[in-house]
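Engineer: Quick one: the structure is below, and I'll ask about it shortly.
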Amino acid sequence: MKPMSVDLVSTRVTINPQVRSGQPIIRGTRITVWDILGWLSGDLGESGILRDYPELKSEDIKAALQFAYQLKDKATQ
């Protein structure tokens, strides 16, 4: 997977201890990165997620994937 711009993650993903117990969420929502990854690994593709969660944008899904990629990359260093 080719790394995307870090700006995508920094502008779309946030961590706030007061929201969802400090899990990484999509800014302006209570939807966690893990929620999105779970939906993608299940039977919801990007179009299904965007249909069911209109507050999300395609860039939010890409940011969630990039966040996970960066986390994996840090763990393997």
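Here the sequence shown is numbered in our numbering, starting from 4 and rising by one per residue. We treat Cβ as the ideally placed atom computed from N, Cα and C, and that holds for glycine.
Val16 to Asp46, Cα distance in whole Å?
Structural biologist: Taking the first residue of the sequence shown as 1, we reach residue 16 at position 13. Taking the first residue of the sequence shown as 1, we reach residue 46 at position 43. If I take the Cα positions, the gap works out to 23 angstroms.
Engineer: By Cβ distance below 8 angstroms, which residues in the same chain neighbour Gly25 in space, the five residues on each side in sequence not counted?
Structural biologist: Locating residue 25 in the sequence shown gives position 22, counting from the first residue. These residues qualify, in order along the chain: Ile18 and Asn19.
Engineer: Assuming Ile29 and Asp63 are in contact, meaning their beta carbons sit under 8 angstroms apart, how far apart are those beta carbons, in whole angstroms?
Structural biologist: On the sequence shown, position 26 is the one that residue 29 refers to. On the sequence shown, position 60 is the one that residue 63 refers to. With 8 angstroms as the limit, Ile29 and Asp63 qualify as a contact, their Cβ atoms being about 5 angstroms apart.
Engineer: In terms of residue numbering, what span does the alpha helix (DSSP H) encompassing Val36 cover?
Structural biologist: As a working note, residue 36 is residue 33 in the sequence shown. Counting along the chain, the alpha helix (DSSP H) containing Val36 begins and ends at Val36 to Ser44.
Engineer: On a Cα-Cα basis, can you pick out the residue from Phe70, Tyr56 and Thr32 that is closest to Trp42?
Structural biologist: Here residue 42 is taken as the residue at index 39 of the sequence shown, counted from 1. The option with the nearest alpha carbon to Trp42 is Tyr56.
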